[in-house]
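Okay, structure first, notes after.
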Amino acid sequence: MLRRYSKVLLVVTVIVAALVMSGSVFASTEAAAAPVAAGSSMPWWGWPLILFVVTFVLGIVAVLGGVGGGVLFVPIIGGFFPFHLDFVRGAGLLVALAGALAAGPGLLKKGMADLRLAIPVALIASSSAIVGAMVGLALPQDVVQKALGATILGIVAIMIMAKKSEYPEVKQADALSTALRINGIYHEVSTGQDVNWKIHKTPLGLALFIIIGIMAGMFGLGAGWANVPVLNLLMGAPLKVSVATSKFLLSITDTSAAWIYVNNGAVLPMMVVPSIIGIMLGSIVGVRILAKAKPTAIRYMVIGLLLFAGARALLKGFGI
Amino acid sequence: MAKEIKATEEQIAYAKLLDLGMKLGLLALVIMFTIYLTGIFTPHIPLTDVSKYWGLSVHKYLEVTNIPHGWGWLGMIGKGDFLNFTGIAFLAGVTILCYIRIIPILFKKKDTVYGALAILEVLVLVLAASGILKSGGH
């Protein structure tokens, strides 16, 4: 059964990669031929259909690899599709936003995501995301491509090196988190235990969310890759609380950045809607496969994909 | 028997509204996009021409397609492509509604600091949504 799923996923990935590669050849050839707007020899629905199929696969891979859809969407769609990076980032933010909105209610109701932890962090991250979005839309594309490439490669490094701690040791809560009463209890289903948690190093953690917010807005990546290490490793929230709160946080951070992209015209429904539907359907399928798949192998695949897409973005930034 | 852990009142209220808003938003998105594809409402940019513009920077795109900034799309809502923005704007507005929902709960519980933080968040999101903030060209 497991082998069947793996084979199906591999075949779909290869087909999609081939489609995208062939399409990107078309796109680059035509872009060189036409100085302003590159039309496509494909019918108008060709690219949106490929986008739907690719985002469906990305949805599966994202769940299995334990990453958000946005972090895969922007470098891969930006690197291999004919869409301008402005629209890719706008779509990426809305894809990450839709995923976070869909996951939020369940995580909040179960008490996995914590509103008291999220509210101060979200205020800082969402304010910074506005700045990031405005700067990102104002910068030349080659600069954004280079920065995006470097960021993706940095994310790969974080994914490879960052450790996780199920229950970080927090000897004493700091003054700020004590004043804000950021602590809680969650029920760990696997052990049947109630886990009491508190956090520390809150001022430093909040300061880091300024950078995270700016990067989320600038690149449209979502920010789970940065949220989780800061909440878990630095501030000491349990891993499950960190992951759930991070996912919920994206619904707030990406809202502010998404509005900047919407109001500045960087949202094309023909890209956004197939992407959102594709990635959400993919996520549903991914969750079903998750129980039977080998997460480690998939995680290496995600790291490989990001490495490739990050290098591609960097090279595009240098005009190579 | 394990004691039942319940999320706070404001967390549950937030979650319920988010759940409803997210479902309505996604449904609206799918319906509007279907209407767009069927051509019931003529789009501002014909479906066959969209590919001519998606490779342009957003500034060039707005210039050549004569599309207004900010909430200007509301004036073009009768066009099939701009109809989609109602679903997108709704999804992007759900979080603001959720925050507004929990503000009275927080103040009722005398949680003044979090009540103030929630008001600040609403102001930040409304500022982002207002269309006042424009990005420079590149």
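Read top to bottom, the protein sequences are chains A and B. Using this note's numbering, the first residue of the first sequence is number 344, and each one after it goes up by one. Using this note's numbering, the first residue of the second sequence is number 360, and each one after it goes up by one. The C-beta atom is built at its ideal place from N, Cα and C for all residues, glycine as well.
Quiz item: Roughly how many angstroms separate the alpha carbons of Ala361 of chain A and Phe661 of chain A, rounded to a whole number?
Solution: Model confidence at Ala361 of chain A stands at a pLDDT of 48, short of 50, so the residue's coordinates are unreliable and nothing is read from them.
Quiz item: Assuming Gly320 of chain A and Arg655 of chain A make a contact with CB atoms under 8 Å, what is their CB distance in whole Å?
Solution: Since the first residue of chain A shown is 344 and the last is 663, residue 320 of chain A is not available in this structure.
Quiz item: Which residues, in chain order, does the stretch 553 to 587 of chain A contribute to contact with chain B at a C-beta distance below 7 Å?
Solution: For the stretch 553 to 587 of chain A, which is checked against every Cβ of chain B, not one residue is closer than 7 Å.
Quiz item: How many Å lie between Ile503 of chain A and Leu415 of chain B at the Cα?
Solution: Looking at the backbone, the Cα of Ile503 of chain A and that of Leu415 of chain B are separated by about 35 Å.
Practice problem: Using a cut-off of 7 Å between C-beta atoms, extract the partners of Val493 of chain B located in chain A. | Solution: Correcting the residue identity first, residue 493 of chain B is Lys in this sequence and not Val. The answer, in chain order, is Asn607.
Quiz item: Is the Cβ-Cβ distance between Val499 of chain A and Leu650 of chain A less than 8 Å?
Solution: In contact: Val499 of chain A and Leu650 of chain A (Cβ atoms closer than 8 Å).
Quiz prompt | Interface flag, Thr372 of chain A vs chain B, CB-CB below 8 Å | solution = Only weak support exists for where Thr372 of chain A lies, its pLDDT of 37 falling under 50; the value from the coordinates is given anyway. Thr372 of chain A has a beta carbon lying at 8 Å or more from every beta carbon in chain B.
Quiz prompt | Near-chain A residues of the stretch 445 to 459 of chain B - C-beta to any C-beta below 9 Å | solution = The residues in question are Gly446, Ile447, Ala448, Leu450, Ala451, Gly452, Val453, Thr454, Ile455, Cys457 and Tyr458.
Quiz item: Excluding the five sequence neighbours on either side, which residues of its own chain have a C-beta within less than 7 Å of the C-beta of Asp440 of chain B, listed in chain order?
Solution: So the qualifying residues of the chain are Tyr395, Pro402, His403 and Ile404.
Self-check item: Interface flag, Met381 of chain B vs chain A, CB-CB below 8 Å
Solution: Judged by the 8 Å Cβ criterion, Met381 of chain B is in contact with chain A.
Quiz item: Bridge partners of Trp430 of chain B, per DSSP?
Solution: Bridge partners of Trp430 of chain B: none, in fact.
Exercise. Closer than 8 Å by C-beta to Leu658 of chain A: which residues in its own chain qualify, once you throw out the five before and the five after it? Chain order, please.
Key: Cβ within range, chain order: Gly492.
Exercise. Give the residues from the stretch 474 to 486 of chain B that approach chain A closer than 7 Å (Cβ to any Cβ), ordered along the chain.
Key: Near chain A, meaning a CB-to-CB distance below 7 Å, the residues of the stretch 474 to 486 of chain B are Leu476, Ala477, Leu479, Glu480, Val483 and Leu484.
Quiz item: Which residues does DSSP pair with Ile528 of chain A in a beta bridge?
Solution: Per DSSP, A:Asn539.
Quiz item: So, Val483 of chain B versus Ser469 of chain A, is the Cβ gap smaller than 8 Å?
Solution: Between Val483 of chain B and Ser469 of chain A, the CB-CB gap stays under 8 Å.
Quiz item: Of all Cβ atoms in chain A, is any one closer than 8 Å to the Cβ of Leu385 of chain B?
Solution: Judged by the 8 Å Cβ criterion, Leu385 of chain B is in contact with chain A.
Quiz item: Taking contact to mean at least 3 C-beta pairs separated by less than 8 Å, is the stretch 591 to 606 of chain A in contact with the stretch 616 to 625 of chain A?
Solution: Taking 8 Å as the limit for Cβ pairs, the verdict is that the stretch 616 to 625 of chain A does not touch the stretch 591 to 606 of chain A.
Quiz item: Which of helix, strand or coil does DSSP assign to Gly409 of chain A?
Solution: In the three-state DSSP reduction, Gly409 of chain A falls in the coil class, being neither helix nor strand.
Practice problem: Would you mind telling me which residues of chain A sit closer than 7 Å to Gly429 of chain B, beta carbon to beta carbon, in chain order? | Solution: Near Gly429 of chain B (Cβ distances below 7 Å), the residues of chain A are Asn606.
Quiz item: Beta-carbon of Leu444 of chain A versus every beta-carbon of chain B: anything under 8 Å?
Solution: Under the Cβ distance rule, Leu444 of chain A counts among the residues neighbouring chain B, one pair being separated by less than 8 Å.
Exercise. Please confirm if Gly447 of chain A has its CB atom under 8 Å from at least one CB of chain E.
Key: Although the question refers to chain E, the structure presented lacks it and instead comprises the protein chains A and B.
Quiz prompt | Nonlocal neighbours in the same chain, by C-beta distance under 8 Å from Phe430 of chain A, ignoring five residues either side | solution = Scanning its chain for C-beta atoms nearer than 8 Å, with the 5 sequence neighbours on each side dropped, one finds around Phe430 of chain A the residues Ala609, Val610, Leu611 and Met614, in chain order.
Quiz item: Residue ranges of each beta strand (DSSP E) run of no fewer than 3 residues wholly in the stretch 423 to 472 of chain A, ordered along the chain?
Solution: As summarised for the stretch 423 to 472 of chain A, there are no continuous beta strand (DSSP E) elements at least 3 residues long confined to that stretch.
Quiz item: Enumerated in chain order, which unbroken segments of the beta strand (DSSP E) with a length of 3 residues or greater are wholly contained in the stretch 368 to 455 of chain B?
Solution: Along the length of the stretch 368 to 455 of chain B, whole beta strand (DSSP E) runs at least 3 residues long do not occur.
Practice problem: Measure the alpha-carbon distance for Phe399 of chain A versus Phe466 of chain B and round it to whole angstroms. | Solution: Each residue's Cα considered, the two are about 43 Å apart.
Practice problem: Could you tell me the distance, in whole angstroms, from the CA atom of Arg631 of chain A to the CA atom of Leu407 of chain A? | Solution: Taken atom to atom, the span from the alpha-carbon of Arg631 of chain A to that of Leu407 of chain A is near 10 Å.
Quiz item: To the nearest angstrom, how far is it from the Cα of Leu480 of chain A to the Cα of Val571 of chain A?
Solution: Take the alpha-carbon of Leu480 of chain A and the one of Val571 of chain A: they are about 26 Å apart.
Practice problem: Establish whether the CB of Gly710 of chain A and some CB of chain B are separated by less than 8 Å. | Solution: With chain A covering 344 to 663 only, the question about residue 710 of chain A has no answer from this structure.
Self-check item: Residue span of the alpha helix (DSSP H) that contains Lys507 of chain A, given as start and end
Solution: Per DSSP, Lys507 of chain A lies in no alpha helix (DSSP H) segment and is marked neither H nor E.
Quiz item: Glu369 of chain B versus chain A: which residues are under 7 Å apart at the beta carbon?
Solution: Chain A residues near Glu369 of chain B: Leu458.
Practice problem: Assign Lys637 of chain A to one of three DSSP states: helix, strand, or coil. | Solution: In the structure shown, Lys637 of chain A sits in coil (DSSP, three-state: anything other than H, G, I, E or B).
Quiz item: What in chain A is Cβ-close to Thr407 of chain B, meaning under 9 Å?
Solution: By Cβ distance, chain A contributes Pro386 and Trp387.
Self-check item: Where Leu437 of chain A meets chain B, residues with beta-carbon distance less than 9 Å
Solution: Result: Ile447, Leu450 and Ala451.
Exercise. Identify the continuous alpha helix (DSSP H) that holds Met561 of chain A and give its terminal residues.
Key: Met561 of chain A -> alpha helix (DSSP H) spans Thr545 to Phe562.
Quiz item: Are the CB atoms of Ile603 of chain A and Leu492 of chain B nearer to each other than 8 Å?
Solution: In this structure, Leu492 of chain B lies closer than 8 Å to Ile603 of chain A by Cβ.
Quiz item: Interface residues of chain A around Leu433 of chain B at Cβ under 8 Å?
Solution: Within 8 Å Cβ-Cβ: nothing; Leu433 of chain B doesn't reach chain A, min ~12 Å.
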